[in-house]
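See below for the structure under consideration.
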Amino acid sequence: MFKFLSDAANNSFKWESLGDVGQGRRNLGGEMPVLVYRLFQFTMRDVLNKRYGSDEAVEIFRRAGELAGEEFAANMLDVSLPFDQFVAQLQQRLKDVKVGILRLEEVSADASKMVLSVAEDLDCSGLPITSEVVCNYDEGFIAGILKTYTGKSYEVREVDCWSKGDRVCRFTAKAEK
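Residue numbers for the sequence shown follow my numbering, so the first one is 24 and each next one is one higher.
The following block contains the structure:
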């Protein structure tokens, strides 16, 4: 069992740590407004920025996203599917859980390089323009999913973001050697 308040250095997040939402939220259910998610995310980012600096905060968000992506892929996706079927399943799952609408724009023959876009992204669609990318958690999330599927580590970076004035989030993904 995941222990939230004890010796965090020795604890590892596991999917089971999410608990039984259906049992625990019989009246309210498993969904919540995007506003509440963003309230959590952006206040957490603000606290991390102040405590550790923006570069470290970005890395913390990426690593948290990567861990989430690994667990999401292992528990919500069939990682034994051929690539095209896996991507189709991933697109549907991300839409089902309302993370966003994924599109694979480019992929190399060996899937070592990709360009992906996410429309209606949970993290940033509708944010004011700030001239910076904010979807670092998504960078890690995508990297974690790809790592679980391929067994390779990926560097994923956001190149277009709603908060920079774009209308989709676009990411490059490159397998690390």
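All C-beta atoms, glycine included, are put in the ideal place defined by N, C-alpha and C.
Proximal residues to residue i (C-beta, below 7 angstroms), its chain only, five neighbours per side dropped
i, result
"D189", "D183"
Contacting residues, own chain, Cβ-Cβ under 8 angstroms from residue i (five flanking each side not counted)
i, result
"F65", "none"
"I83", "L71, Y75"
"G53", "V44, G45"
Rounded straight-line distance, which links the Cα of residue j to that of residue i
i, j, result
"V44", "A196", "32 angstroms"
"L169", "Q46", "31 angstroms"
"L71", "R61", "15 angstroms"
"L51", "A132", "45 angstroms"
"S154", "L100", "34 angstroms"
"L139", "V81", "20 angstroms"
"C158", "S176", "19 angstroms"
"F95", "D144", "17 angstroms"
"R85", "L150", "20 angstroms"
With 16 other Cβ atoms within 10 Å as the buried cut-off, status of residue i
i, result
"S186", "buried"
"M201", "The question about residue 201 has no answer here: the residues shown for the chain are numbered 24 through 200."
"N98", "exposed"
"V120", "exposed"
"D146", "buried"
"G42", "exposed"
"K200", "exposed"
"V110", "buried"
Within-9 angstroms CB hit, residue i to chain B
i, result
"R85", "As a matter of chain content, chain B is missing from the structure shown, which is built from one protein chain."
CB of residue i within 9 angstroms of CB of residue j, strictly
i, j, result
"T171", "G92", "yes"
"V59", "V141", "no"
"S148", "A198", "no"
"L104", "Q112", "yes"
"F164", "R180", "no"
"E79", "G167", "no"
Cβ-based neighbour list, residue i, same chain, cut-off 6 angstroms, excluding 5 preceding and 5 following
i, result
"R126", "S140"
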